[in-house]
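Novice: Could you have a look at this structure, given as structure tokens, before my questions?
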Amino acid sequence: MPTMLVCEWETPASKLEEKCIGDYCIRKKEVEPGTIWSMREYDERPVFGYDEVVFACKAQVVGLEEKGKVWMTNSPREYYSMHELAARSKGDVLVGGLGLGELANILANRRDIKSVEVVEKNKEVIDLVGKNVDRRVKITHGDIFHRIKELSKINACPSTIILDIYRGDEDIEDVKMDYEYVKDMCPNSNVLVWNFGAEIETEKAFDYLGIGRLFKY
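Position one of the sequence shown corresponds to residue 516 (this note's numbering), numbered consecutively onward.
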């Protein structure tokens, strides 16, 4: 069972301060040495081939909450899942959902990504996270599906569309309907949706992380 060993865990979201605006909050949680978390997405597919992560020393994980409900964190499983989405992106990228800004920052540092626009419907999330997002990313306050419709009408669909959204009560059929709606609007776009569609192979994922020339650092 492949295990990822983590110490002093840090991502761009680690720089966010604990703060609340309206119903949304940034919270930080201390993780004790020896803590074991799953690396399996939806408890099925191991992210980057790892089954679990073991924290070798005390670490801190950041989460985005709405009324006490955690929508996302920068845990190793979620963070490396973002890299898998980025690895399948190209050209101009449109993202639905800002979250902690992790995906936006990863995309902004890809040499082969021309532009990144993130559409977020909650102004509070933009106010909490937006300042920590790479300046090359355009953040738009609005509805991702309305934005896609607008772009479709003027024949300006991007190369890649990522629906990084989660409503909390959806199942695979809801996700499938979202995917099919976007493909109807932008048939030539590469549409990526959580929990729908094939993931990249583990070997390719490792290659992606290991090739420094992909990034602008």
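We treat Cβ as the ideally placed atom computed from N, Cα and C, and that holds for glycine.
Enumerate in chain order the residues of its own chain whose CB-to-CB distance from S529 is below 8 Å, with the five nearest sequence positions on each side excluded.
Specialist: Excluding positions up to five away in sequence, the list reads Q575, V577 and N589.
Novice: Find the nearest neighbour of F570 within the set G611, I677, G564 and T518, judged by alpha-carbon distance.
Specialist: Nearest C-alpha to F570: T518.
Novice: Quick check on DSSP: helix, strand or coil for R592?
Specialist: In this structure, R592 counts as helix in the three-state DSSP scheme.
Novice: Drop a sphere of 10 angstroms on the beta-carbon of C572, count the other beta-carbons inside from all chains shown, and report buried for 16 or more, exposed for fewer.
Specialist: With fewer than 16 Cβ atoms within 10 Å of its Cβ, C572 is classed as exposed.
Novice: Express the C-alpha separation of R555 and I669 in angstroms, rounding to a whole number.
Specialist: Spanning the two alpha carbons is a distance of roughly 40 Å.
Novice: Could you tell me the alpha carbon to alpha carbon distance between H745 and K544, rounded to whole angstroms?
Specialist: Absent from the structure is residue 745, since the part of the chain shown begins at 516 and ends at 732.
Novice: Thinking C-beta only, is K629 closer than 8 Å to D658?
Specialist: Going by C-beta atoms, D658 is not nearer than 8 Å to K629.
Novice: Counting C-beta neighbours from all protein chains within 10 Å, is the total for P702 16 or more, i.e. buried, or is it exposed?
Specialist: Exposed, because fewer than 16 other Cβ atoms sit within 10 Å of the Cβ of P702.
Novice: Which whole runs of the alpha helix (DSSP H) in the stretch 528-611 are 4 residues long or more, in chain order?
Specialist: Listed in chain order, they are 591-602.
Novice: Return helix, strand or coil for N703, following the three-state DSSP convention.
Specialist: Three-state result, N703: coil.
Novice: Start and end of the alpha helix (DSSP H) containing S667?
Specialist: Looking at the DSSP string, the run of the alpha helix (DSSP H) that includes S667 is I659 to K668.
Novice: Considering only the beta carbon of each residue, do V706 and I676 sit closer than 8 Å?
Specialist: Closer than 8 Å, so yes.
Novice: Report all residues from its chain with a CB closer than 6 Å to the CB of R662; omit the five preceding and five following residues, and keep chain order.
Specialist: Cβ within range, chain order: V634.
Novice: Hey, would you say the C-beta of I676 is under 7 Å away from at least one heavy atom of the ligand ADP?
Specialist: The model on display carries no ligand, and the ligand ADP is accordingly not part of it.
Novice: Assign R592 to one of two classes, buried (16 or more other C-beta atoms within 10 Å of its C-beta) or exposed (fewer than that).
Specialist: Buried is the call here.
Novice: Give me the residue from S704, E617 and V708 with the minimum Cα distance to K606.
Specialist: Note that residue 606 is Gly in the sequence shown here, rather than Lys. It is S704 whose Cα lies nearest to the Cα of G606.
Novice: Would you check if the distance between the CB atom of V697 and the CB atom of W709 is smaller than 8 Å?
Specialist: Result no, Cβ atoms of V697 and W709 do not sit closer than 8 Å.
Novice: Please work out which residues of its chain come closer than 6 Å, Cβ to Cβ, to L520, disregarding the five sequence neighbours upstream and downstream, and give them in chain order.
Specialist: Closer than 6 Å at Cβ, skipping near neighbours: V569 and A571.
Novice: Could you tell me the distance, in whole angstroms, from the CA atom of G614 to the CA atom of Y539?
Specialist: Spanning the two alpha carbons is a distance of roughly 11 Å.
Novice: If you draw a straight line from the C-alpha of Y523 to the C-alpha of P548, how long is it?
Specialist: Note on residue identity: the sequence assigns Glu, not Tyr, to residue 523. Approximately 10 Å, taken between the alpha carbons.
Novice: Alpha helix (DSSP H) containing K638: first to last residue?
Specialist: Segment K638 to V644, the alpha helix (DSSP H) holding K638.
Novice: Which whole-angstrom value describes the C-beta separation of V644 and V631, a residue pair presumed to lie in contact below a C-beta threshold of 8 Å?
Specialist: About 14 Å separates the two Cβ atoms, so there is no contact after all.
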